[in-house]
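These protein sequence lines are chains A and B, in that order. Convert by adding 323 to the 1-based position in the first sequence; the result is the number in our numbering. Convert by adding 323 to the 1-based position in the second sequence; the result is the number in our numbering. Backbone N, C-alpha and C define an ideal beta-carbon position, used for all residues, glycine too. None of these values were measured; they are calculated from a predicted model.
There are 2 protein chains.
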Amino acid sequence: MTPLSDAEPTPVETAAGRTDESLPVDARSRARPTMRHVATLAGVGVKTVSRVINGEPNVSAATIERVMRAARSLDYEPDLHAGNLRRADGRTRTLGLLVGSVDNPFAGAVHRAVEDAALARGVAVFASSLDDDPEREQAAVSAFLRRRVDGLILTTASEDQAYLAPELRRGTPVVFVDRQPAGVTSDSVVSDNTAGAALATRHLISHGHRRLAYLGDRHDIRTAQERRRGFLDELGRAGIATGDAPVVEGLHDEETARLATLALFDADEPPTAIFSAQNLVTIGVIRALRELDRHLDVALVGFDDVPLGDLLVPGVTVVAQDPHAIGRLAAERVFARLDGDESPAERIIVPTRLVERGSGELPPRVSAR
Amino acid sequence: MTPLSDAEPTPVETAAGRTDESLPVDARSRARPTMRHVATLAGVGVKTVSRVINGEPNVSAATIERVMRAARSLDYEPDLHAGNLRRADGRTRTLGLLVGSVDNPFAGAVHRAVEDAALARGVAVFASSLDDDPEREQAAVSAFLRRRVDGLILTTASEDQAYLAPELRRGTPVVFVDRQPAGVTSDSVVSDNTAGAALATRHLISHGHRRLAYLGDRHDIRTAQERRRGFLDELGRAGIATGDAPVVEGLHDEETARLATLALFDADEPPTAIFSAQNLVTIGVIRALRELDRHLDVALVGFDDVPLGDLLVPGVTVVAQDPHAIGRLAAERVFARLDGDESPAERIIVPTRLVERGSGELPPRVSAR
DNA sequence: CCTAACGCTGACATCGTTGTCAATGGGGCA
DNA sequence: TGCCCCATTGACAACGATGTCAGCGTTAGG
């Protein structure tokens, strides 16, 4: 805050003794100060400023003090990218994170965990939303790469991520979250989708249900396929004809899920229990059941937790994922790779947990229809 | 994908005719390709590659084709930061966004709106969480500035944002969201906190309540002060002694709010109605009322919407903000400033809306205590 | 037929920083 | 006293891109 007492009001002499009037040293200047400005004001060379800013050794205490004062008085902020251009390690201390949508609670929790891990290492995070659009995915990745992020944490919507192969060959760490990669090998952190879906299904069956419906996401999303498989496999194990079970796919938001549920109960032999394979779908189902006033006699288990699910009536039974752990583990993988871990690509499976809150424990009841 | 048919397998001749073996042109190379690699492979100068990559005019169609093929075969991605160093406009096409926490639904909606506006302009967004920590705020801003973001959209926790003055003088657009700036003048986009809080309070009073409690955020947050003032002013207008009304502040998450609510009902003359001034506080209050089994006879209006608030019993009456509009307007201000808008700093007030769902319409009932 | 103009192209300096290296000077030790 | 060593410091090139400018060949106009 205090301007330098000595050098402030007039052009300053450089170390070489010549007066350089082309460098305004006024702290109120409009231009963004560079290391040269700081060096001139402090009366040292730019390299010395660089040493001080980066805490390198072999600078005298007096010089450090002069440089720091000059930097403060100019409100100097080093240009990380210019430095990065020359720096040996080539790190931008930046990460790219791609999630379904930054306003989805699952994504928010992942994001938060990634941010916390990144903050501890002075790494900033670019976040983008995918909207399950493969083009948007590639555009986002390209935007990240042009900005030379040190690593990527990606939720993908594309059929195949082979387009990342060259980048992987260059050594950029890529960790897939929520969905497994296809066409390319790299670390991934996912929930145990098949087991979780089976667990949900088994839970409903154990409460006497035989007529279960599956409501899920787009079929071309691997994660959705796995959950569907977990559901169908479990039906099979219980000796329930899977051909009869209504399987509705392609639901991607509350509204489509709500309409699909209404349609389900408008048809013959509606289910007595529903397994919804995604948080927004679960919410849509709840809305529909309320509308039909069937929320107290149709059982429901959702995959992925729902905000305030414990406060609804009935409470929403879910197979909860652990998005915070997913984000944390993904960030840890990225940083481990950056720190030189060359071990084979790992698939980290984060267990799910059945949370009984009421909706999943309702007994079957024949429709009064 | 297809390697160049002609130039691929061997070192390539430069335009000057000399063979440059120091530049590996193999698409499978480990090194990240630069414009020089592309230029060498295409047999043109770097400036021509630059022209093609940036879509500048005056390049022959044949040259464009050659360069594009070379760039694709090397999986070349331009280095935005290197270009930015030299580019005249000095724009990184990057924005810094600071919100309360990226996993808060309000922040998620703001973030999403900012991202959508940014995407349309090819701008990437850094997102960070504030956690109402002034040090974290300054660290995040500094991290953004070192990365030379083109603009900032900030939620602040500090007493005073004078530290931003030099940056503002340099012309960096800064838009404050959710909270007004102090000690510095710049654009802001906020909800009408005072009016919204008054509206909520009036609503409770109009349903017969005279004993209202205020549960809110830290008092040193301006937004919280405004909401508190709206509450107290409205009590005053209704002729209710404000001295009697329990005002609990310093609540920052569900748990502290829950405990504060429990304490409130453990004391003499508990309120018949509660105004909770923030979404997490509202949730904590709901949990406490459930625990006490008082959720059907203590009225509640929250400031800021709560996920699934319409599905709870009773539905949660709230004064809803419009986080999407806040984010969109903030981004629009930033881009307008970047496009040269020099008009005086603007304070954009986004109206709030009372959403009646049941909890706010409960009549007063004397405690059975 | 000469010249001006234009389209196309590449050499070079430059952006703000860091790596390399050499120069300086003071202190310790023989 | 003399020499070496080390701490301190700055000049300079380089990172990957773009702005400037000059040079080339071709075409249009007089």
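In the DSSP assignment, T417 of chain A falls within the unbroken beta strand (DSSP E) covering T417 to V422. For the region 479–502 of chain B, the set of positions with a beta-carbon nearer than 8 Å to some beta-carbon of chain A reads P489, E490, R492, R493 and G494 in chain order. In this structure, the CA atom of Q601 of chain A is about 17 Å from the CA atom of P569 of chain A.
Excluding sequence positions up to five before and after A668 of chain A, its CB lies within less than 6 Å of the CB of T508, S509 and D510, all in the same chain and listed in chain order. Excluding sequence positions up to five before and after A596 of chain A, its CB lies within less than 6 Å of the CB of L527, H532, L535 and A622, all in the same chain and listed in chain order. For chain B, the residues of the region 447–480 of chain A that bring a beta carbon within less than 7 Å of one of its beta carbons are A447, V448, F449, A450, S451, S452, S465, A466, L468, R469, R470 and R471, in chain order. Between P687 of chain B and L558 of chain B, the alpha-carbon positions lie close to 16 Å from each other. V382 of chain B and K370 of chain B have their C-alpha atoms roughly 11 Å apart. At a beta-carbon threshold of 9 Å, none of the residues of chain B lie near S514 of chain A; the nearest stands roughly 17 Å away. In this structure L652 of chain A is not in contact with V604 of chain A, their Cβ atoms being roughly 25 Å apart against a cut-off of 8 Å.
Nearest in C-alpha terms to G494 of chain A, of all of A:G506, A:R444, A:T479 and A:V472, is A:V472.
Rounded to whole angstroms, the separation of the alpha carbons of A561 of chain A and V657 of chain A is 41 Å.
Between L403 of chain A and chain B, the shortest Cβ-Cβ separation is below 9 Å. Restricting attention to beta strand (DSSP E) runs no shorter than 3 residues, the region 507–595 of chain B encloses them at 510–514 and 535–538, ordered along the chain. For V629 of chain A, the nearest CB of chain B lies under 9 Å from its own CB, placing it at the interface with that chain.
Separation of A385 of chain B and V372 of chain B (C-alpha to C-alpha, rounded to the nearest whole angstrom) is 13 Å.
Here A365 of chain B carries a helix assignment [DSSP, helix/strand/coil]. With fewer than 16 neighbouring CB atoms inside 10 Å of its own CB, L582 of chain B falls in the exposed class.
If you draw a straight line from the Cα of L453 of chain B to the Cα of R459 of chain B, it comes to about 6 Å. C-alpha of A518 of chain B to C-alpha of E572 of chain B: approximately 19 Å in a straight line. Under the Cβ criterion of 9 Å, P504 of chain A is not counted among the residues facing chain B. For P637 of chain A, the CB contacts under 6 Å within the same chain, skipping 5 residues up- and downstream, are G681 and S682 in chain order. For E490 of chain A, the closest of A:Q461, A:V512, A:V500 and A:D501 by C-alpha to C-alpha distance is A:Q461. Minimum Cα-Cα distance from V629 of chain B among the listed residues B:R355, B:A411, B:A430 and B:M391 corresponds to B:A430.
In this structure the region 442–456 of chain A does not lie against the region 388–395 of chain A, because fewer than three pairs of beta carbons, one per stretch, are closer than 8 Å.
Looking from the CA of L612 of chain A, the closest CA among A:L587, A:D633 and A:V641 belongs to A:L587.
Using a Cβ-Cβ cut-off of 9 Å, L635 of chain A is close to L631, L634, L635 and V636 of chain B, given in chain order. Neighbourhood of L408 of chain B in chain A, by CB distance below 9 Å: D402, H404, A405 and L408, in chain order.
In the structure shown, the three-state DSSP call for S452 of chain A is strand. Here the alpha carbons of R416 of chain A and R470 of chain B stand approximately 10 Å from one another. Secondary structure at V642 of chain B: strand, using DSSP grouped into helix, strand and coil. Going by C-alpha positions, L468 of chain B is about 34 Å away from P504 of chain A. Here DSSP, grouped into helix, strand and coil, assigns A505 of chain A to coil. With respect to L397 of chain A, L477 of chain A sits apart: the two C-beta atoms are not nearer than 9 Å. Taking 8 Å as the upper bound for CB-CB distance, L634 of chain A and I609 of chain A are not in contact here, some 12 Å apart. When secondary structure is reduced to three states using DSSP, G625 of chain B falls in the strand class.
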